[in-house]
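Comments concern the structure below.
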Amino acid sequence: MLSAFQSILGFLGLRSLPPGTGPGGLSHSSSMANTAGMDHQHNIASDGLKLLWSSLGLQSESPAGPYGRDNVRNRDILVVSIDFEGLQSIMAATTVSQGQLGIAVLDTRDLSTSLPSSPPIESMITTYNFVTGLPLYCATAARRFLFGETIPIFKQEMLEKLESIIPRTRDIILVGHGFQGDQQVLRYLNFDLQKSILSILDTGKIAREVLASSGSLRDILTRLGCPFAQLHSAGNDANFTPRALLLLAVKSYIGQTLRQETQRTLDLLKGIAQSRIPHQPHFNARAFAEKLMRLQMSREKQAKSLDTTRQESTRVGPAARRAAQGVVVRRNIARAVRADRMSARKLKERQESDEAERARMAAQGVVERQKIARAERAARRAAQKDNKKQELTREERAAITTARKDPILRLLF
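Just so we're aligned: 368 in this note's numbering is position 366 of the sequence shown, and the numbers increase by one with no gaps anywhere.
As structure tokens, this is what we get:
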């Protein structure tokens, strides 16, 4: 069996497959539901996935290698990275859950058609960030996300967002880092891990094969020389995980003699992985608060569209709860806006205080220099007086010596 990393090389088109095998290493007559390397429990690939049909159509670098020289032309795989923040809160049976869902999608069609008319490499990984929870938590998560706009949702909408972004008509490879926890949340949300999913790859396990050791996502990105920022934001982590995956594929080829086509592909993968990170956008607290308000209002409208009989039978309790929830949400939004203003005011006060302190230190430095100059002048004057005293003493001694030699003046001594 191939290792997990050999599988990822397969779907990137850096290894070709044996004749007669399809995606996942299955024969053409095999069902995609029996994807190799994954059992019915949807385990993460560990000891090697059955070969995936190459998405880039590259030949094996070794003509006599175990996979021959078949040029695979299937380039229709989606690499989907998923990351959750606040896993326990999302899976908890509570009314209010605080968590984030990050999704990043790399379409291998873009890799195979990367011509001047293709999307720029900075936009080849499309990233989404969804957040649920109290307004202050949502505002903090939105402020940290680097790759676009954070969308506030209810926890019950997470599965809907996943299904709307991930097309089940395409072959999909799921990617994550330390993916066991994220996999638990996907099961909790009733996300189908079998339909159109070829395999699940964990960059931590692949890093152990390429780098001889694993570690946190931060450690792996640092060792690979991949730019990153604001980790532990679901959308950011979802974006940086496939970047790490591509760089691991590139690193596995170091020291090999490559065909020109393979080298071009590796250069493209490296360019995508090391493309610049967008500058952190200015966070508009008021605009985000308005989004939260619209979200709450949409939920209230959905509640009003219930069957009339059901509304009448449960009118008093739910209506009161919705009204109370609306008040709480508005209070929380106002509190978040005030907190944002207060943090801006504190930042301004801190900057002014720092400037005043620097001015005080500068003034104090002038005073100290003046004191030092006065002390130096006093020391010079004292030294001059001492020199004069010493000269006077020498003159007196010379006069006494002369007087002692004189017979008349000697009588005075």
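C-beta: ideal position from N, C-alpha, C; glycine also.
- Runs of the alpha helix (DSSP H) spanning 4 or more residues and lying entirely within the stretch 151-198 occur at 160-167 and 182-190, in chain order.
- Taking a contact as a CB-CB distance under 8 Å, the pair L249 and A275 counts as one, their CB atoms being some 5 Å apart.
- Under a 10 Å Cβ-count criterion, T395 is classified as exposed, with fewer than 16 other Cβ atoms of the shown protein chains found around its own Cβ.
- L103 sits in a strand when the DSSP states are folded into three classes.
- Remark: fewer than three beta-carbon pairs, one from each stretch, lie closer than 8 Å, so the stretch 208-215 and the stretch 193-200 are not flagged as touching.
- According to the DSSP assignment, E263 belongs to the alpha helix (DSSP H) that extends over Q262 to A275.
- The Cβ atoms of D204 and F230 do not sit closer than 8 Å to each other.
- Taking all protein chains in view, the Cβ of P409 is surrounded by fewer than 16 other Cβ atoms within 10 Å, so the residue is classified as exposed.
- Annotated three-state conformation of L200 is strand, per DSSP.
- In terms of CA proximity to Q90, Q100 leads the group Q100, S83 and I84.
- By the Cβ-count criterion, R245 is buried, with 16 or more other Cβ atoms from all chains shown falling within 10 Å of its own Cβ.
- With respect to L113, I127 sits apart: the two C-beta atoms are not nearer than 8 Å.
- The beta carbon of S235 sits closer than 6 Å to those of R146 and F147, all from its chain and outside the five residues before and after it, given in chain order.
- R172 sits close to L80, with the two beta carbons spaced by under 8 Å.
- If you compare the alpha carbons of G178, C228, D194 and G227 with that of G206, the shortest gap goes to G178.
- The criterion of a C-beta distance shorter than 8 Å is satisfied by T129 and A106.
- For I84, no alpha helix (DSSP H) run applies; the uninterrupted beta strand (DSSP E) run containing it begins and ends at I79 to E87, by DSSP.
- Nearest to S83 by C-alpha distance, out of I175, C140 and L260, is I175.
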